[in-house]
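Visitor: One structure, pasted below without further comment.
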Amino acid sequence: MTKTEQPSRSIAEWVTFSVASLILGIIVSLVGYTWLNEKNQPPIVSVTKKQTIREINGQFYVPFEVVNSGGDTAESVQIMAELLINGKVTETGEQQIDFLSSGESEEGAFIFSQNPRQGQLNLRVGSYKLP
Amino acid sequence: MATKRQKNVWRSEINDIIRGACGGFLFGIPLLYTMEVWWIGSLVKPQLMMTAIALMFIVVYLLNQTEGFRKRRYSWLAPQPAMDTIEAIAIGLACSAFVLLLLRELTPETSLKECLGKIIFESVPFALGVALASQLLGDTRNENAEAQGSDRVNSTTKNKGDELHATFADVGGTLIGATIIAFNIAPTDEIPMLAAAASPPWQLAMIVTSLLISYGIVFQAGFSDQQKRKQQKGIFQRPSSETIMSYLVSLLASAFMLWFFQKLTFSDPWTMWLDHTLMLGLPATIGGAAGRLAI
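Right, dumping it as structure tokens:
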């Protein structure tokens, strides 16, 4: 093989190069897209109860869902649950979510030994910190 | 004649890509098993992602100027290192995205920003590994070619004792390599975390990926001594059986390391032993493949 033949890139190399450029291009433009659409607002964290409460071996499982509809990521999101029966706090629960970025939702469950349907169940987000 | 050359061109191109990807796996897998990097990826702002890509480009470009993952170098063509760099970064992005998907760190529920952050930050060591691929396990295939002629003659006269010896050397190399890489990962909390998220279909995917990467590193990537390996006179001489054998050895080593670091105890259910071991099996088998090449 002579030296004049070598420098020309083969079709195969052009194909891989174009695929590679495409991948890099997509990633860079997606980053640019999120940059432009960045909401400069603090986290807005809300917690909702799900309908179905399961009862297994005398324990009541109350599923919940946390959503961050704000802009920034919230760290160490603390969710608290209080079960009031006859106006008195009988049981409490606590859960911590490590990271909740914008638009992300996480699910979990609180477990009570008394039936939440017989009293009033309060779920709230206690606190979070900014990373 | 022309079609044959065409075929060779494609084959060598695919080999180049596989070599790059394997270098990336060798270098990038420990960081893929680090939850702090996932978290940084989750939190990172788009500005910083852009900076990361730009810095990655500069560093990989500098590495590609001295040594790349490709065999042929057209050093007199100025844009060549830049093109190699784009390819190296793309391989890094694709491979890290794939492994993050496999580890269930990326799911359809993950937000776009978080996906991008994780993929970009994990792809940095991957891209470095791609650029270092030829240096990590130098390619001496052509230089070896002549020496092999005499080797082949010798090997036919070798007896059964040598066969056993070669097998022990293989197992030893696998064990050493697997231990070097997996020992750093076994005591961390990532293994139970990842194992908790993996359902049986993902565990099967994990096994298939481990076998493919191991096969790629030893028999496909064209690293040093590949020809020698193909002629190795072990009991498990064929590439496929050697790959499976070394995977099993890596799994055994993984299970032992997890037990050693008290991550698994004998009172744990066998399903826990299985999923923890399979999770550690991927980095272990990558290390094992590198270990067999090094010996």
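Line order of the protein sequences matches chains A and B.
1 is the number of the first residue of the first sequence in our numbering; add one for each residue after it.
1001 is the number of the first residue of the second sequence in our numbering; add one for each residue after it.
Every residue gets a Cβ at the ideal spot worked out from N, C-alpha and C, and that includes glycine.
Just so you know, these numbers come straight off a predicted model, no measurement behind them.
(1) What would DSSP say about Ile85/A, mapped onto helix, strand or coil?
(2) Using 9 Å as the limit for Cβ to Cβ distance, is Asp1016/B near chain A?
(3) Here's a check: name, in chain order, each residue in its chain whose Cβ is nearer than 7 Å to the Cβ of Glu1105/B, leaving out the five neighbours to either side.
(4) Could you tell me if Phe1027/B is buried or exposed, where buried requires 16 or more neighbouring beta carbons within 10 angstroms of its beta carbon?
(5) Starting from Ser102/A, find everything on chain B with Cβ-Cβ shorter than 7 Å and list it in chain order.
(6) Roughly how many whole angstroms lie between the Cα atoms of Ser1250/B and Thr90/A?
(7) Say whether the stretch 9 to 18 of chain A touches the stretch 45 to 62 of chain A, bearing in mind that this needs 3 or more beta-carbon pairs closer than 8 Å, one atom from each stretch.
(8) Applying the 10 Å Cβ sphere with the 16-neighbour rule, what's the burial state of Arg1292/B?
(9) Measure the alpha-carbon distance for Glu1190/B versus Ala1094/B and round it to whole angstroms.
(10) Answer yes or no: do Leu100/A and Ala74/A have a C-beta to C-beta separation smaller than 9 Å?
(11) Could you tell me the boundaries of the alpha helix (DSSP H) in which Gln1080/B lies?
(12) Please say whether Ala109/A and Ala1090/B have beta carbons closer to each other than 9 Å?
(13) DSSP beta-bridge partners for Met1035/B?
(14) List the endpoints of the continuous beta strand (DSSP E) containing Gln1047/B.
(15) Once the 5 residues before and after Gln96/A are set aside, which same chain residues still bring their CB inside 8 Å of it?
(16) Taking beta-carbon pairs under 8 Å, can you tell me which members of the stretch 47 to 68 of chain A lie near chain B?
(17) Got a sec? Which residues, its chain only, sit under 8 Å from Ala1182/B by beta carbon, not counting five neighbours each side?
(18) Leaving out five residues on either side along the sequence, give the residues of the same chain with a beta carbon under 7 Å from the beta carbon of Leu1031/B.
(19) Residues in the same chain with beta-carbon distance under 8 Å from Ile1040/B, minus the five sequence neighbours each way, listed in chain order, please.
(20) When we look at the beta-carbon of Ile1017/B and count the other beta-carbons within 10 Å, is it buried (16 or more) or exposed?
(21) When the cut-off is 9 Å and only beta carbons count, does Ile27/A lie next to chain C?
(22) Output, in sequence order along the chain, the residues in the stretch 1025 to 1051 of chain B whose CB is closer than 7 Å to any CB in chain A.
(23) Can you name, in chain order, every residue of its own chain whose Cβ lies under 8 Å from the Cβ of Tyr128/A, other than the five neighbours on each side?
(24) Ordered along the chain, which non-local residues of its own chain (more than five positions away) have a Cβ less than 6 Å from that of Ala1289/B?
(25) Give the residues of chain A in contact with Val1009/B, contact being defined as C-beta atoms less than 9 Å apart.
(26) With respect to the beta strand (DSSP E) encompassing Pro63/A, which residues constitute its N-terminal and C-terminal limits?
(27) I want to see whether chain A comes within less than 9 Å of Ile1053/B, judged by CB atoms only; does it?
(28) Per DSSP, what kind of secondary structure is Thr92/A in: helix, strand or coil?
(29) Since Arg139/A sits in a beta bridge, which residues does DSSP pair it with?
(30) With which residues is Ile56/A paired in a DSSP beta bridge?
(31) Along chain B, in chain order, which residues have C-beta atoms closer than 9 Å to that of Thr92/A?
(32) For chain A, check one thing: does any of its Cβ atoms lie closer than 9 Å to the Cβ of Ile1185/B?
(33) DSSP on Thr48/A, reduced to helix/strand/coil?
(34) Out of Gln1220/B, Val1060/B, Val1044/B, point me to the one whose CA is closest to Ser993/B's CA.
(35) Where does the unbroken beta strand (DSSP E) through Ala109/A begin, and where does it stop?
(36) Three-state secondary structure (DSSP) at Leu1128/B?
Guide: The short version:
(1) strand
(2) yes
(3) Trp1038, Lys1118
(4) buried
(5) Ser1111, Lys1113
(6) 52 Å
(7) no
(8) buried
(9) 22 Å
(10) yes
(11) 1080 to 1102
(12) no
(13) Answer is none; Met1035/B lacks a bridge partner.
(14) Taken as a continuous stretch (DSSP letters only), Gln1047/B belongs to no beta strand (DSSP E), being part of the alpha helix (DSSP H) at 1046 to 1066.
(15) Ser76, Val77, Gln78, Ile79
(16) none
(17) Ser1250, Ala1253, Ser1254, Met1257, Leu1280, Pro1283, Ala1284, Gly1287
(18) Val1037, Glu1122, Pro1125
(19) Gly1117, Phe1121
(20) buried
(21) Of the chains in the structure shown, none is chain C; the protein chains are A and B.
(22) Trp1039, Ser1042, Leu1043, Pro1046, Gln1047, Met1049, Met1050
(23) Pro43, Val45, Ala74, Glu75, Ser76, Val77, Gln78, Leu100
(24) Ser1214, Ile1217, Val1218
(25) Ser10, Ile11, Ala12, Glu13
(26) 59 to 68
(27) yes
(28) strand
(29) Any property of residue 139/A remains undetermined from this structure, which presents chain A solely from 1 to 131.
(30) Gln59/A
(31) Within 9 Å Cβ-Cβ: nothing; Thr92/A doesn't reach chain B, min ~26 Å.
(32) no
(33) strand
(34) In the structure displayed, chain B extends from 1001 to 1295; residue 993/B sits before or after that span and is not available.
(35) 105 to 112
(36) helix
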